[in-house]
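Student:
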Amino acid sequence: MIGLCLGLAGTVWAQLPTAEFTLAWQHTIEKVRWEEDYRVTAEGLLLGEARVKGSGAGMEIPDGAELREGSWHYRRQLPPLQPLRLGRTPEAGDYHLCFDQRCRPMADWLGPPQASRTALELWSCELGSP
1 MIGLCLGLAG TVWAQLPTAE FTLAWQHTIE KVRWEEDYRV TAEGLLLGEA RVKGSGAGME
61 IPDGAELREG SWHYRRQLPP LQPLRLGRTP EAGDYHLCFD QRCRPMADWL GPPQASRTAL
121 ELWSCELGSP
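Numbered per full-length UniProt numbering, the sequence shown spans residues 1 to 130.
(1) Could you check the C-alpha separation between L77 and D108 for me, to the nearest Å?
(2) Report the residue ranges of all beta strand (DSSP E) runs contained in full by the region 32-111; include only those spanning at least 3 residues, in chain order.
(3) Within the continuous beta strand (DSSP E) that includes A119, where are the two ends?
(4) Alpha carbon to alpha carbon, how far is K90 from A65?
(5) Give me the Cβ distance between C97 and L23, rounded to the nearest whole Å; I'm assuming they're in contact under 8 Å.
(6) Our contact map puts L45 next to L81 with C-beta atoms below 8 Å; I'd like the distance itself, whole angstroms only.
(7) Rounded to a whole number of angstroms, what is the C-alpha to C-alpha distance between A92 and E43?
(8) Out of M59, F21, M1, which one is the CA nearest neighbour of Q101?
(9) For a test of the three-state rule: what should DSSP assign to G7, helix, strand or coil?
(10) So what does DSSP say about I29, is it helix, strand or coil?
(11) Is A19 helix, strand or coil when you go by DSSP?
This is the structure:
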């Protein structure tokens, strides 16, 4: 079964049995929530719809975005991401992963963000194998 692996440079720190998820975070300066929906496929992570609650420094609303229910909704056409690389630091706060109708901080699987480990990768993987 394919699922989501969390780790770095091919080293698996956690495996999650999900075929889709939402990655959410709060912009460090503007304090605005961002969300991106992904499907987990054998080719990698496919970005679907994304949402942002507002604009600000370095946060331009993409062309074609639509304002619905207080958020700007948009889609970007990207090839499958394998891996999706994220920065993760104590100063920036943590990402949240949402699946199975529940959102949880990355810290639930990886512990809190650490200054000594500032990067994280997400990729599709066969569950049970690194």
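By construction, the Cβ of each residue, glycine as well, lies at the ideal position given by its N, Cα and C atoms.
Tutor: Let's see:
(1) Note that residue 77 is Gln in the sequence shown here, rather than Leu. Looking at the two C-alpha atoms, the distance is approximately 31 Å.
(2) 33-41, 44-52, 66-68, 71-75, 84-87, 96-99, 102-105
(3) 119-126
(4) Going by the sequence as given, residue 90 is Pro instead of Lys. If you take the alpha carbons of P90 and A65, they lie about 31 Å apart.
(5) Here residue 97 turns out to be Leu, not Cys, going by the sequence shown. Confirmed, Cβ separation roughly 6 Å.
(6) Confirmed, about 5 Å.
(7) Straight through space, the alpha carbons of E43 and A92 are spaced by roughly 30 Å.
(8) F21
(9) strand
(10) coil
(11) coil
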